[in-house]
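Participant: Numbered per the numbering used here, the sequence shown spans residues 146 to 301. Structure incoming, see below.
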Amino acid sequence: MMARFRCGNEERENKYWMEEEARMCMMCRDERETIEHMWRGCGEMREREEKERGETLNEDGREIGWMKEVWKRRERIEKERAYEDCAISYHCAQRIVTNYLAKYGRDCNDDGVTDCDDFSMINFNGGYQCKPELGRNEAGKLWLDRYRTCNPETRL
């Protein structure tokens, strides 16, 4: 089972074609990802008892529960870091904003043009309900003040 874990590309350490950063442990990002690191060094996996680890590393089939746990933790951590990783990547963030505006972009203030004023209303109100005026509550007024600082010619 452990051989299948290693050969099934679950270890990133042996993926020599990847950049060094991509070969690091997906859970803690401290060292290269090996089974040994996950058992002994990974901060995300340290909560397990040494006794349990020794038993699990035996080749009698009991390690499958641990490997499933690793897969679940990886999936959870990957989802948590996806936003953070995209937010610091210019092209990824640009793609998300462009796709969002392509999906929800419309004339929110009924002036016949879809422009920055409409995008500001979409950003504050959300894509599905962009029509409410920004000045209707205190948060909207603060938003509108900040927007006017950047865009003094706004008709909002």
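Positions of the beta carbon are idealized from the N, C-alpha and C atoms, including for glycine.
1. Excluding the five sequence neighbours on either side, which residues of its own chain have a C-beta within less than 6 Å of the C-beta of Lys286, listed in chain order?
2. For Met169, write down the residues that DSSP places opposite it in a beta bridge.
3. Span of the alpha helix (DSSP H) holding Asp290?
4. Quick one: what does DSSP say Gly280 is sitting in, helix, strand or coil?
5. So Asp263 is in the alpha helix (DSSP H); what residue range does that whole segment cover?
6. Can you round the beta-carbon distance between Phe264 and Leu246 to whole angstroms, since I take them to be within the 8 Å contact cut?
7. What residue range does the alpha helix (DSSP H) around Asn244 cover?
8. Hey, Glu165 and Met171: beta-carbon distance below 8 Å or not?
9. Do Arg251 and Cys275 have their beta-carbon atoms positioned less than 8 Å apart in this structure?
10. What's the gap between the Cα of Ile241 and the Cα of Ala227?
11. Going by DSSP in three states, Cys187 sits in which element: helix, strand or coil?
12. Can you tell me the Cα-Cα spacing of Cys173 and Tyr273, whole angstroms?
13. Classify Asn244: buried if its beta carbon has 16 or more other beta carbons within 10 angstroms, exposed otherwise.
14. If Thr299 and Asp262 are in contact, beta carbons under 8 Å, what's the gap, nearest whole angstrom?
Facilitator: With the given structure in hand:
1. Gly280
2. Arg177
3. 283 to 295
4. helix
5. 261 to 270
6. 6 Å
7. 235 to 249
8. no
9. yes
10. 12 Å
11. coil
12. 38 Å
13. exposed
14. 6 Å
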